[in-house]
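Contents: one structure, followed by commentary.
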Amino acid sequence: MNLNKRQQYLDLGNQLPNKHLHLDFDNHCYWRIALDNTLFARWKDVVPAPAYRNITEDQLDYVIHLLKSYLKDEQLLMEHNRISLAYREKKSL
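Quick look at the structure:
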């Protein structure tokens, strides 16, 4: 796996909490949302942790794409959060 992509994944997840301070999401929340919406399931049911080391290159590319999208599109982020929580059978915000 490309180390640069792995670093990008980590950096984006760490940037997002500062972009959306009002949401009070930690970095792992953004990774959960992007991973669940890439794998169409609760990610831990599909791949072992740490996910970024166990998903395919194409899946990692898509997770990075989603994380970048969440920087600009809070509506998409919130919709994907609702989907992720549904995979986990939890109520959305």
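Sequential numbering from 175 applies to the sequence shown in the numbering used here. Ideal Cβ positions, reconstructed from N, Cα and C, are used throughout, including at glycine. Bear in mind that the values here come from a model prediction, so they are computed numbers and not experimental data.
Self-check item: Distance CB(residue 212)-CB(residue 233) smaller than 8 Å
Solution: For the purposes of this step, residue 212 is taken as residue 38 along the sequence shown, with counting starting at 1. For the purposes of this step, residue 233 is taken as residue 59 along the sequence shown, with counting starting at 1. For residue 212 and residue 233, yes; Cβs fall inside 8 Å.
Quiz item: Of the residues 239, 201 and 226, which one's Cα is nearest the Cα of residue 176?
Solution: Within the sequence shown, numbered from 1, the residue matching residue 176 stands at position 2. Residue 176 has its Cα closest to that of 226, out of 239, 201 and 226.
Quiz prompt | Extent of the continuous alpha helix (DSSP H) run through residue 237 | solution = Taking the sequence shown and counting its residues from 1, the one referred to as residue 237 is at position 63. Segment 231 to 246, the alpha helix (DSSP H) holding residue 237.
Quiz item: alpha helix (DSSP H) containing residue 178: first to last residue?
Solution: Within the sequence shown, the letter at position 4 stands for residue 178. Start and end: 177 to 193.
Quiz item: Going by alpha carbons, who is nearest to residue 193 out of 238, 247, 239 and 215?
Solution: Taking the sequence shown and counting its residues from 1, the one referred to as residue 193 is at position 19. Cα-wise, what sits closest to residue 193 is 247.
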